[in-house]
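First the structure, in the form of C-alpha cells, and then the observations on it.
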Amino acid sequence: MTLDRRSFLKLVGAGVGAAGLPLIGRAAEMMPKSGKRVVVVGGGYGGTIAAKYIRMMDSSIEVVLIERGDHFVSCPFSNLYIGGILKDLSSLTITYDKLASNHGVKVVQAEVTGINAAAHTVMTSKGDIKYDRLVVSPGIDFRTEEYAGYNASTAELMPHSWKAGPQTLLLRKQLEQMKNGGNVVMSIPLGPFRCPPGPYERTSMIAMYLQKHKPKSKIIVLDANPDIVSKGKLFKQGWAKYYKDVIDYRPAKKVTAVDNNKMSVLVEGIEEIHGDVINLIPSQRAADLAVKSGLVGEDKKWCPINMGTFESTIHKDIHVIGDSSIAGAMPKSGYSANSEAKVCATNVVALMNNRDIVELSGINTCYSFITEKEAVSVAAVYKLDNGKIVGVKGAGGVSPDLSTTEAIYAHSWVKNILTEMST
Ligand SMILES: Cc1cc2nc3c(=O)[nH]c(=O)nc-3n(C[C@H](O)[C@H](O)[C@H](O)COP(=O)(O)OP(=O)(O)OC[C@H]3O[C@@H](n4cnc5c(N)ncnc54)[C@H](O)[C@@H]3O)c2cc1C
C-alpha cells in the first residue's frame, strides 16, 4: 500500500487509525498549506527535537514523526534505576501527545521497514509515506555476530540494557535476585558506542547497589578498551574512594564469545569468566533501518553525512542525526542528538525555503553519577572546520572532582531535556 499525499491526507481526515495509520494526538488532522512534508523517523533524543523545531520554524511544513513505540524511555538516568536510586522508570518516560497538540506534529506509531530514497518514500508496517525531506534518528543496534555463541536468547540471559525499557528492568531484577556473594560481570565493547561514559557510570551504580544490598558480591568489568574511555581520572578517583573492594576493573579484555548455558563469557576466546549476572554490552553500529536502507558507509557501521546539514552523503534529501550518524568529534549522546537535531532542523527549513544554511554550532555535556549524591561531568563545544565537526579548543572540560552540585545539575538537565522532547 503506497500512500501518496492525497491518500495519506484522506486517511487522516477519515480518522481511520485502526485501519491504517494510528495517529496520536488531536492536531494530527491539521493539513499543510505549503504542500511540503518532512518525515522524521525515531521518537527519541534526536527525532522528537527535529520534528518539533521544524514545525516551530516553519509551520507550513507538514511534519510526520514515525516511531515504533507509543512512548519512549530515556537511557540517560536509567543507570540510576539499575543502581536502586529510582524506584521505577516513570520519570524517564515520555509520550508524544503534546508534540501533536502543541506543535501539530503528526505522530504515527509504526515500524519503519525500509526507505526508498529514489522514490522519496518511507515504507512502514502501516503503509508507505512520501516525503520531500527525511530526517532519520533511529539510534543504534548491536553487532552481536561478533560474539561466538550469541543467539536470540542471549539478551534475555545476559541483558545489554543499552536501550532503556524492558532490558533495564531485567538487569535490575537479576541483581535483586542474585545471591549475596554472587559475581556480576560487565563487558564493555570497543568504541565508538552510545554514551562513552555510560558503562563506567553503570559500574559505579552497580557497585553502589552491591555494597548496600549484597556486600559479599563484586563486579568484574571486562573492558575491550585499553583504558576508561571518558572521564577516566574521575571514575578512578571515585572508585578508589568508595568501591575499592567491590569493582575489579580489567582493561584490554575483549569478550569474543558467550556461553548461555554456563553463564560465562570468553575473553579473546581463551579466558572463561563466569557471572551470576552478566551485563553484556555488545559492540554497536547504526540502527538496523539505517543499515538496510543503505545509509551506512563502507564500514557498514555508521552513516556518513555532510556535517553542516546532516544530509547523508549517500542519499540525497535524507538527513541522519543522533547515534547513527558520523558527527565528527561529537560523542554519541542524548545531548549531542538534541544539539544536532536543532542544527539539522534549521537547515532542513532553510533548504526547503531556498535560504542560506546556518553554520553548525554544537554542544554536549554528559553527567555521570558515582554515588547517589555525587556526579562528575564533561562538557564541550563544537564547530565546523573544513567540513568536519571538531571540538572548540579551550571550551568545556571535565569537572574538577566528584560533587553534589554536579548531581543537582544532572537531575535538572534530564528533567529539562525530557520536557523539551515532549512538550
Ligand atoms: C545507560 C546509558 C546512559 C546514557 N546516559 C546519557 C547521559 O547521561 N547523557 C546523554 O547525553 N546521553 C546519554 N546516553 C546516550 C543517549 O541515550 C543516546 O545517545 C541517545 O538516545 C541517542 O539519540 P537517538 O535519537 O540517536 O536515538 P534514540 O534516543 O535511541 O531514539 C531512537 C528511536 O528510534 C526508534 N526507532 C528505531 N528504529 C525504528 C524503526 N525502524 N521504526 C520506528 N521507530 C524506530 C526507536 O524506537 C527509538 O525510540 C546514555 C545511553 C545509555 C545506554
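If you read the sequence shown in my numbering, its first letter stands for residue 93, the second for the next number, and so on. For each residue, glycine too, the CB sits at the ideal point set by N, CA and C.
Inset, instruction - Evaluate alanine 110 with the Cβ neighbour count: other Cβ atoms within 10 Å of its Cβ, from every protein chain shown; 16 or more gives buried, anything less gives exposed. - result: Counted from its first residue, the sequence shown places residue 110 at position 18. Caution is warranted here: a pLDDT of 33 is assigned to alanine 110, below 50, making its placement in the model unreliable, and the coordinate value is therefore given only provisionally. Alanine 110 should be labelled exposed.
Inset, instruction - Compute the Euclidean distance between the alpha carbons of arginine 118 and aspartate 189, then round it to the nearest angstrom. - result: The sequence position of residue 118 within the sequence shown is 26, counting from 1. The sequence position of residue 189 within the sequence shown is 97, counting from 1. Here the model assigns arginine 118 a pLDDT of 32, short of 50, so the residue's position is not dependable and the matter cannot be decided.
Inset, instruction - Taking only heavy atoms of ligand 1 into account, decide whether any of them is closer than 7 Å to the Cβ of glutamate 159. - result: Taking the first residue of the sequence shown as 1, we reach residue 159 at position 67. Answer for glutamate 159: yes, Cβ within range of ligand 1.
Inset, instruction - Could you please give the first and the last residue of the uninterrupted alpha helix (DSSP H) stretch that includes phenylalanine 327? - result: Taking the sequence shown and counting its residues from 1, one reaches residue 327 at position 235. Run containing phenylalanine 327: 324-334, per the alpha helix (DSSP H) assignment.
Legend entry - For cysteine 395, the residue or residues it bridges with in DSSP: The sequence position of residue 395 within the sequence shown is 303, counting from 1. Ser417.
Legend entry - Opening and closing residue of the alpha helix (DSSP H) in which asparagine 194 lies: The count along the sequence shown starts at 1 and reaches residue 194 at position 102. Note, asparagine 194: alpha helix (DSSP H), 189-195.
Inset, instruction - Could I get the ranges of all uninterrupted beta strand (DSSP E) runs contained in the segment 178-236, with 3 residues as the minimum, in chain order? - result: 198-201, 204-208, 213-216, 219-222, 225-228 and 232-234
Inset, instruction - Determine the DSSP secondary structure at alanine 120, reduced to helix, strand or coil. - result: For this step, residue 120 is matched to residue 28 along the sequence shown. Confidence at alanine 120 is low in this model, with a pLDDT of 34, below 50, so the placement of that residue is unreliable and no value is reported for it.
Legend entry - proline 343 to tryptophan 505 span [Cα, whole Å]: As a working mapping, residue 343 is identified with position 251 in the sequence shown. As a working mapping, residue 505 is identified with position 413 in the sequence shown. Approximately 31 Å between the Cα atoms of the pair.
Inset, instruction - Under 6 Å Cβ to Cβ from serine 253, same chain only, skipping five residues before and after it: list those, please. - result: The sequence position of residue 253 within the sequence shown is 161, counting from 1. So the list reads Gln259, Thr260 and Leu263, once near-sequence residues are dropped.
Inset, instruction - Go ahead and pull the three-state DSSP assignment for leucine 115. - result: Your numbering for residue 115 matches position 23 in the sequence shown. Model confidence at leucine 115 stands at a pLDDT of 44, short of 50, so the residue's coordinates are unreliable; what they give is reported in the following sentence. Residue state, collapsed to three classes: strand.
Inset, instruction - Could you pull out every residue in the same chain whose Cβ sits closer than 8 Å to the Cβ of isoleucine 500, ignoring the five residues on either side in sequence? - result: To locate residue 500, count along the sequence shown from 1; it is residue 408. Around isoleucine 500: no qualifying Cβ.
Legend entry - Helix, strand or coil at histidine 366 [DSSP, three-state]: Working through the sequence shown from its first residue, we reach residue 366 at position 274. Looking at histidine 366 - three-state DSSP - the assignment turns out to be strand.
Inset, instruction - Look at the alpha carbon of glutamate 237 and the alpha carbon of methionine 250, and state the distance between them as a whole number of angstroms. - result: Position 145 of the sequence shown, counted from the first residue, corresponds to residue 237. Position 158 of the sequence shown, counted from the first residue, corresponds to residue 250. Cα to Cα, glutamate 237 sits roughly 15 Å from methionine 250.
Inset, instruction - For alanine 382, name the three-state secondary structure that DSSP assigns. - result: Numbered from its first residue, the sequence shown carries residue 382 at position 290. It is helical.
Inset, instruction - Whole angstroms is fine: what's the gap from methionine 513's alpha carbon to serine 217's? - result: In the sequence shown, residue 513 corresponds to position 421, counting from 1. In the sequence shown, residue 217 corresponds to position 125, counting from 1. Each residue's Cα considered, the two are about 25 Å apart.
Legend entry - Inter-residue spacing [alpha-carbon to alpha-carbon] between histidine 503 and arginine 147: Working through the sequence shown from its first residue, we reach residue 503 at position 411. Working through the sequence shown from its first residue, we reach residue 147 at position 55. Approximately 28 Å between the Cα atoms of the pair.
Legend entry - Where threonine 463 falls: helix, strand or coil (DSSP): Translated into the one-based positions of the sequence shown, residue 463 becomes position 371. It is coil, neither helix nor strand.
Inset, instruction - Would you kindly check if the distance between the Cβ of glutamine 201 and the Cβ of aspartate 162 is under 8 Å? - result: Within the sequence shown, numbered from 1, the residue matching residue 162 stands at position 70. Within the sequence shown, numbered from 1, the residue matching residue 201 stands at position 109. In contact: aspartate 162 and glutamine 201 (Cβ atoms closer than 8 Å).
Legend entry - Cβ-Cβ distance between alanine 471 and threonine 457 below 8 Å: Position 379 of the sequence shown, counting from 1, holds the residue named residue 471. Position 365 of the sequence shown, counting from 1, holds the residue named residue 457. It is a contact, given that the beta carbons lie within the stated cut-off.
Inset, instruction - Note down the Cα distance separating isoleucine 509 from lysine 144, rounded to an integer number of angstroms. - result: On the sequence shown, residue 509 is found 417 positions in, with the first residue counted as 1. On the sequence shown, residue 144 is found 52 positions in, with the first residue counted as 1. Taking the straight line from one Cα to the other gives about 13 Å.
Inset, instruction - Output the distance between the C-alpha atoms of alanine 349 and asparagine 275, rounded to the nearest integer angstrom. - result: The residue labelled residue 349 in the question sits at position 257 within the sequence shown. The residue labelled residue 275 in the question sits at position 183 within the sequence shown. Their Cα atoms are separated by approximately 19 Å.
Inset, instruction - Let me know the secondary structure DSSP gives threonine 405 once reduced to three states. - result: Locating residue 405 in the sequence shown gives position 313, counting from the first residue. Reduced to three states, the DSSP call for threonine 405 is coil.
Inset, instruction - Give the straight-line distance between the Cα atoms of leucine 115 and glutamate 159, rounded to the nearest whole angstrom. - result: Residue mapping note: residue 115 aligns to position 23 of the sequence shown, counting from 1. Residue mapping note: residue 159 aligns to position 67 of the sequence shown, counting from 1. Any reading at leucine 115 must be qualified, since the residue scores a pLDDT of 44, below 50, and its modelled position is unreliable; the value itself is stated next. Computed Cα separation, rounded: 11 Å.
Inset, instruction - Give a yes or no on whether 8 Å exceeds the smallest Cβ distance from leucine 476 to chain C. - result: This model lacks chain C altogether, as it is built from one protein chain only.
Legend entry - Start-to-end residues for the alpha helix (DSSP H) that takes in asparagine 508: As a working note, residue 508 is residue 416 in the sequence shown. That run of the alpha helix (DSSP H) goes 496-514.
Inset, instruction - Classify arginine 294 as buried or exposed, calling it buried when 16 or more other Cβ atoms lie within 10 Å of its own Cβ. - result: Residue 294 sits at position 202 when you count from the first residue of the sequence shown. Buried, because 16 or more other Cβ atoms sit within 10 Å of the Cβ of arginine 294.
Inset, instruction - Can you tell me the Cβ-Cβ gap for leucine 381 and valine 227, rounded? I've got them flagged as a contact below 8 Å. - result: Counting from one through the sequence shown, the residue named residue 381 turns up at place 289. Counting from one through the sequence shown, the residue named residue 227 turns up at place 135. Actually they are not in contact, since the Cβ atoms of leucine 381 and valine 227 sit about 13 Å apart, beyond 8 Å.
Inset, instruction - For serine 491, count neighbouring Cβ atoms within 10 angstroms of its own Cβ and tell me buried if that reaches 16, exposed if not. - result: By 1-based counting over the sequence shown, the position of residue 491 is 399. Result: buried.
Inset, instruction - Reducing DSSP to helix, strand and coil, say where asparagine 272 ends up. - result: Counting from one through the sequence shown, the residue named residue 272 turns up at place 180. Reduced to three states, the DSSP call for asparagine 272 is coil.
Inset, instruction - May I ask you to report which of helix, strand or coil DSSP gives asparagine 243? - result: Within the sequence shown, the letter at position 151 stands for residue 243. Here asparagine 243 sits in coil by DSSP.
Inset, instruction - Have a look at arginine 129 and leucine 157 and give me their C-alpha separation to the nearest angstrom. - result: Residue 129 sits at position 37 when you count from the first residue of the sequence shown. Residue 157 sits at position 65 when you count from the first residue of the sequence shown. In a straight line, the C-alpha of arginine 129 is about 11 Å away from that of leucine 157.
Legend entry - Proximity test, tryptophan 254 beta-carbon vs ligand 1 heavy atom, cut-off 7 Å: Taking the sequence shown and counting its residues from 1, the one referred to as residue 254 is at position 162. Yes.
Inset, instruction - Please state whether DSSP places leucine 261 in a helix, a strand or coil. - result: For the purposes of this step, residue 261 is identified with residue 169 of the sequence shown, where counting begins at 1. Looking at leucine 261 - three-state DSSP - the assignment turns out to be helix.
Legend entry - Cβ-heavy atom distance, asparagine 171 to ligand 1, below 7 Å: One-based indexing of the sequence shown puts residue 171 at position 79. Correct: asparagine 171 has its Cβ closer than 7 Å to ligand 1.
Inset, instruction - Compute every distance between the C-beta of arginine 286 and the non-hydrogen atoms of ligand 1, then say whether any falls below 7 Å. - result: Position 194 of the sequence shown, counted from the first residue, corresponds to residue 286. Arginine 286: yes, Cβ under 7 Å from ligand 1.
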